[in-house]
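Taken in sequence, the protein lines are chains A and B.
Start counting the first sequence at -4; every next residue gets the next number (our numbering).
Start counting the second sequence at 11; every next residue gets the next number (our numbering).
Below: the structure, in structure tokens.
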Amino acid sequence: MTANEKMAAAELKPLQMAIQEITYREAIVAALREEMRRDPKTLIMGEDIGASGGPFKTCQGLYEEFGASRVRDTPIAETGFVGAALGLALTGYRPIVEIMFADFLGVCFDQIANSIAKHRFMSGGRVKTPIVIRALGGAGLRFGAQHSQTAESWLLSVPGLKIICPSNPEQAYLMLKAAIRDDNPVLVLEHKALLSTKGAAPIGLDDVAMPTGPRVLRPGRHATIVASLAMVGKALAAADRLALEGIEAEVIDVQVLRPLNVSPISDSVRRTNILVTVEEQAPTGGWSSDVVADVVSQAFDFLDAPPARITLPDHPLPYSPHLEDSFIPSPERIAATVKSLL
Amino acid sequence: MNERAAGNARASDGAAAALTDEDRIDLLRTMIMIREFEEQVQRSYLEGLVHGTTHLCNGQEAVCAGVAKALRDDDYVSYTYRGHGQCLARGMDLEAAFAELFGRATGACGGLGGSMHLTDIDHGLIGAFGIVGAGLPVAVGAGLSAQLAGRKQVSVCFFGDGAVNIGAFHEALNIAQVWRLPVIFVCENNLYGEFSHILHTTPYEDLVIRAASYAMRTELVDGNDVLAVYAAAAGAVARARDNGGPAFLECKTYRHRGHSRTDPAKYRAPAEVEAWLKRDPLSLYRAELCAAGLISESDADRFTIEARSAVKAAADRAAAAPWPSLKQDFMAKTFV
Ligand SMILES: Cc1ncc(C[n+]2csc(CCOP(=O)(O)OP(=O)(O)O)c2C)c(N)n1
Ligand SMILES: [Mg+2]
């Protein structure tokens, strides 16, 4: 057996769990591959995801393993293939679709908000709608205003959807697997700037479940910082800086935007008495507004300062590099905000 | 008014010739049942049992009845807010249909869907779409499902003439054609989208022109001739089952009533309405079966009376059903 063959043989035993240091991109591919092996009713559709492995290589190798009928290149027709996912789901399949840039969710908004999100409800619960919509969003790559949004705010207010936001390879892997097994539509917002970041993930783990709320990534007793997607890394970096000055910040990854469970965040604030949220979205109508509102309702007496929301400015994302960088919340800004509240 | 459609499918396709006498009578009874159902919906509305709005299909019964006759139980059907006829033609339980329109717990969707969203997966009724054109991509997905499953099922998608101007229509036809999916697109061209005549919104009246630009097989059908509809559908379905790809059937028809409950349809010329009423699909077909000696006038009257009392009894039972409770009936089944 050559080394390659040995690797291939090992890969075919999905239940053998091993903690591996992998990239966010590899975590996505691994989750897709394992779930597609596990359930022959799964298939994935998207633009250029077949032989070419996807514009962001998030489907690398799937076409070779599962073939053209389960790894389907689609026309440039987001309404068409996202709508088709509903037809597949209603008739016994578990479709996954890739939206090349989250910005393009706008093109199929009706299918998601009016058809996919409501069909199970309108049928009185008599149909299942196991659909995963993966959308790659996020700023920092100089892609300009139409290719840089995370699109977190867009579908936040739509009952009937679950929305998850993986911020590291482990979550990208575990949450995507759980999403594929879910009988409800799940929107997975992935971040382009995270694709090459590395981390440990329990590859091969079969016992996965959809998280029911946010996750504490770093404990601390002086302030609570809540962030999503690429902002989680910025918040962790801010906590590192603050630690040098003896300030222990607790960093919470919101990870599930819908249904949003704020109680664990309120619990944290009851201990730290300070709340800062960091969101890569314009300020109006974002998840952090809900987090702040709920924390104020649930833990008002425990707050030592007004909660602070760090967001993008209320504009589309600019192209010019230093302007784009100035839009994106930095660890320095997060740390300074925390200190200003202490 | 139907010169271009008249005789088209019937002459070109022998499919209707294969129907037994029983099948032919059954088609009439389906159309009568749909007509009587819609009339009862109107009465029940006046009694305060039906809420909101409804979009009745009186005058268009031949399309849903004719197409349904060409289908197997395991085929998939999607339709619009004007979808009572499709549901009944596929065998939806009358009481479940009324209970849904009445918003009761025993409704086809537990009272959560209503007139515009009748769904019944057990009869392959995958959904009614209230957003114009939205059902077409979903039907394409059901067609892909059928192709992958390899059991020679087809997916049939009903929509109106207004839907051909929305993007979803184009995306769906294109995907169905490039993937050669077993999808039958059935356009019920009733000449109006809400209150607008088709030529006010679309540059031509024959919508097969549009489908042909996707290199799709098309057929112009007299939608008020149930046997012509059946023949066209049977042909398209047989081809699709045989991996022959999708088809587009344009059924020329006319709604007898307004667009929805509140529409008196004053925008239609009386002469036009009168001409179409003379071509009422139900009267035409009833006369045809009587002339052929398959049934007598009194048989036909009996069918109508039986249908009327069946819908009345179903509506009465539905009206006695309990209201749904979100907690018990629903939350247990779906997530929040
Ligand atoms: C996207 C969208 N736009 C507008 C409407 C409002 N609307 C409901 S039915 C209708 C007319 C549709 O006409 P047609 O497709 O010919 O179907 P018909 O009602 O004649 O059966 C309109 C404009 C809608 N439901 N969806
Ligand atoms: Mg119309």
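All residues carry an ideal CB built from backbone N, CA and C; glycine is no exception.
Remember, predicted model here, so these are calculated numbers, not experimental data.
If only complete runs of 3 or more residues are kept, the segment 118 to 156 of chain B shows the beta strand (DSSP E) at 135 to 139, in order along the chain. The beta carbon of residue 126/B sits closer than 7 angstroms to the beta carbons of 91, 138, 140 from its chain, once the five residues preceding and following it are set aside; these are given in chain order. Spatial neighbours of residue 213/A in its own chain (CB-CB distance under 8 angstroms, excluding positions within 5 residues in sequence) are listed in chain order as 231, 234, 244, 245, 246.
A straight-line Cα-Cα distance of about 8 angstroms links residue 283/B and residue 266/B. Bounds of any alpha helix (DSSP H) do not take in residue 297/A, whose DSSP letter is neither H nor E.
Where residue 210/A is concerned, there is no enclosing alpha helix (DSSP H), although the beta strand (DSSP E) around it starts and stops at 210 to 213.
Listed in chain order, the beta strand (DSSP E) runs fully inside the segment 84 to 128 of chain A are 89 to 94, counting runs of at least 3 residues. Secondary structure of residue 231/B (DSSP, three-state): strand.
Each residue's CA atom was taken as its position, placing residue 21/A and residue 153/A some 30 angstroms apart. At a Cβ-Cβ threshold of 7 angstroms, residue 183/A and residue 159/A count as neighbours.
Under the DSSP assignment, residue 17/A falls in the beta strand (DSSP E) whose first and last residues are 13 to 18. If you compare the alpha carbons of 180/A, 272/A, 200/A with that of residue 305/A, the shortest gap goes to 272/A. Ligand 1 approaches residue 92/B closely enough that one of its heavy atoms is under 6 angstroms from the residue's Cβ.
Boundaries of the alpha helix (DSSP H) harbouring residue 72/B: 71 to 79, taken from the DSSP string.
The Cβ-Cβ distance between residue 99/B and residue 119/B does not fall below 7 angstroms. Taking a Cβ-Cβ cut-off of 8 angstroms, residue 253/A has no neighbours in chain B, whose nearest Cβ is about 10 angstroms from it. Taking 7 angstroms as the CB threshold, residue 148/B lines the interface with chain A. Close to residue 70/A, with beta-carbon spacing below 8 angstroms, are these residues of chain B in chain order: 181, 184, 185, 188.
Rounded to whole angstroms, the separation of the alpha carbons of residue 334/A and residue 146/A is 29 angstroms. Relative to residue 275/B, the option among 44/B, 206/B, 235/B whose CA is nearest is 206/B. Residues of chain A whose Cβ lies closer than 9 angstroms to the Cβ of residue 64/B do not exist, since the nearest Cβ in that chain is about 16 angstroms away.
Within the segment 118 to 152 of chain A, the residues whose Cβ lies closer than 8 angstroms to any Cβ of chain B are, in chain order, 118, 119, 120, 121, 122. For the 7 angstroms CB-CB criterion, residue 193/B and residue 165/B form a contact.
Against residue 67/B, chain A offers no close residue; the least beta-carbon distance is about 20 angstroms (beta-carbon pairs closer than 9 angstroms). Its Cα nearest to that of residue 106/A, the residue 80/A stands out among 80/A, 98/A, 117/A, 121/A. Listed in chain order, the positions of the segment 97 to 113 of chain A with a beta carbon within less than 8 angstroms of a beta carbon of chain B are 105, 106, 109, 110.
When C-beta atoms of the segment 107 to 115 of chain A are compared with those of the segment 65 to 84 of chain A, three or more pairs fall below 8 angstroms, so the two segments count as touching. Between the alpha carbons of residue 103/A and residue 147/B lies a gap of roughly 11 angstroms. In this structure, ligand 2 has no non-hydrogen atom nearer than 6 angstroms to the beta-carbon of residue 233/B.
Look at residue 103/B here: in three-state DSSP terms it is coil, with no helix or strand label.
Residue range 37 to 41 is occupied by the beta strand (DSSP E) that includes residue 40/A. Taking a 10 Å sphere around the C-beta of residue 96/B, we find 16 or more other C-beta atoms and assign the residue as buried. Interface criterion met: the Cβ of residue 177/B is under 7 angstroms from a Cβ in chain A. Residue 149/B has its alpha-carbon roughly 15 angstroms from the corresponding atom of residue 130/B. For the set 211/B, 243/B, 163/B, the Cα lying nearest the Cα of residue 134/B is the one of 163/B.
From the beta-carbon of residue 76/A, the residues of chain B found nearer than 9 angstroms are 147, 150, 151, 181, 185.
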